[in-house]
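Here the structure is laid out as C-alpha coordinates; the discussion comes afterwards.
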Amino acid sequence: MTSLSRFERPVVVQVGRHSAERIVFEVNDAATILLRDLHRQTEKRKVAMDACLQVLRGEAHPPAARRAFVAAALEAKILRSD
1 MTSLSRFERP
11 VVVQVGRHSA
21 ERIVFEVNDA
31 ATILLRDLHR
41 QTEKRKVAMD
51 ACLQVLRGEA
61 HPPAARRAFV
71 AAALEAKILR
81 SD
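Structure follows, in C-alpha coordinates:
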(Lines of atoms letter the chains of each structure in order from A and count residues from 1; the text may use other names and numbers.)
(Lines give C-alpha, C1' and ligand atoms only; values in the text may rest on other atoms or scores of the structure.)
Protein backbone atom coordinates (compact mmCIF):
# COMPACT_ATOMS: atom_id res chain seq x y z
CA MET A 1 0.00 0.00 0.00
CA THR A 2 1.38 3.39 -0.86
CA SER A 3 1.41 6.52 1.24
CA LEU A 4 -1.46 7.75 -0.96
CA SER A 5 -3.83 5.61 1.11
CA ARG A 6 -2.27 6.30 4.51
CA PHE A 7 -4.04 8.32 7.20
CA GLU A 8 -2.18 11.38 8.51
CA ARG A 9 -3.10 10.28 12.05
CA PRO A 10 -3.96 6.70 12.98
CA VAL A 11 -7.33 5.68 14.36
CA VAL A 12 -7.45 3.30 17.34
CA VAL A 13 -10.32 0.81 17.53
CA GLN A 14 -11.18 -2.17 19.69
CA VAL A 15 -13.42 -4.54 17.78
CA GLY A 16 -14.24 -7.02 20.53
CA ARG A 17 -14.71 -6.43 24.23
CA HIS A 18 -11.77 -8.69 25.06
CA SER A 19 -9.67 -8.10 21.95
CA ALA A 20 -6.60 -5.92 21.75
CA GLU A 21 -6.80 -2.38 20.43
CA ARG A 22 -5.93 -2.05 16.76
CA ILE A 23 -4.13 0.94 15.33
CA VAL A 24 -5.41 1.73 11.85
CA PHE A 25 -2.89 3.56 9.66
CA GLU A 26 -4.16 2.67 6.18
CA VAL A 27 -7.41 3.01 4.26
CA ASN A 28 -7.16 -0.67 3.31
CA ASP A 29 -7.06 -1.65 7.01
CA ALA A 30 -10.10 0.51 7.71
CA ALA A 31 -11.98 -1.12 4.82
CA THR A 32 -11.08 -4.57 6.13
CA ILE A 33 -12.44 -3.74 9.58
CA LEU A 34 -15.62 -2.30 8.10
CA LEU A 35 -16.12 -5.41 5.97
CA ARG A 36 -15.14 -8.15 8.43
CA ASP A 37 -15.87 -6.76 11.87
CA LEU A 38 -18.82 -4.37 11.61
CA HIS A 39 -21.78 -6.56 10.85
CA ARG A 40 -24.63 -4.08 11.29
CA GLN A 41 -25.57 -2.60 7.93
CA THR A 42 -25.85 1.09 8.79
CA GLU A 43 -25.71 4.18 6.62
CA LYS A 44 -22.47 5.33 8.30
CA ARG A 45 -20.84 1.96 7.59
CA LYS A 46 -21.95 2.16 3.95
CA VAL A 47 -20.64 5.73 3.59
CA ALA A 48 -17.32 4.67 5.14
CA MET A 49 -17.01 1.65 2.83
CA ASP A 50 -17.73 3.83 -0.20
CA ALA A 51 -15.19 6.44 0.95
CA CYS A 52 -12.51 3.78 1.43
CA LEU A 53 -13.19 2.29 -2.00
CA GLN A 54 -12.95 5.72 -3.62
CA VAL A 55 -9.53 6.28 -2.04
CA LEU A 56 -8.31 2.83 -3.08
CA ARG A 57 -9.43 3.56 -6.66
CA GLY A 58 -7.62 6.91 -6.62
CA GLU A 59 -10.87 8.87 -6.80
CA ALA A 60 -10.65 10.52 -3.34
CA HIS A 61 -8.16 11.39 -0.63
CA PRO A 62 -7.55 9.58 2.69
CA PRO A 63 -8.94 12.32 4.99
CA ALA A 64 -12.45 11.75 3.62
CA ALA A 65 -12.18 8.01 4.28
CA ARG A 66 -10.74 8.64 7.75
CA ARG A 67 -13.64 10.93 8.71
CA ALA A 68 -16.19 8.40 7.48
CA PHE A 69 -14.38 5.52 9.22
CA VAL A 70 -14.27 7.44 12.52
CA ALA A 71 -18.02 8.13 12.26
CA ALA A 72 -18.78 4.46 11.59
CA ALA A 73 -16.45 3.30 14.39
CA LEU A 74 -18.04 5.75 16.82
CA GLU A 75 -21.51 4.54 15.89
CA ALA A 76 -20.41 0.90 16.34
CA LYS A 77 -18.84 1.79 19.71
CA ILE A 78 -15.41 0.49 18.72
CA LEU A 79 -13.60 3.84 18.53
CA ARG A 80 -10.92 4.22 21.20
CA SER A 81 -8.91 7.16 19.90
CA ASP A 82 -9.30 9.56 17.03
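Residue numbers (the numbering used here): 1 to 82. All C-beta atoms, glycine included, are put in the ideal place defined by N, C-alpha and C.
CA-to-CA, the gap between Glu75 and Ala30 works out to about 15 Å.
Lys77 and Ala64 have their C-alpha atoms roughly 20 Å apart.
Note that the stretch 16–26 does not touch the stretch 40–60; fewer than 3 beta-carbon pairs, one per stretch, sit closer than 8 Å. DSSP places Ser81 in the strand class (E or B) of the three-state scheme.
If the five residues before and after Ala60 are omitted, its C-beta is found closer than 7 Å to the C-beta atoms of Ala51, Gln54, all from its own chain and listed in chain order.
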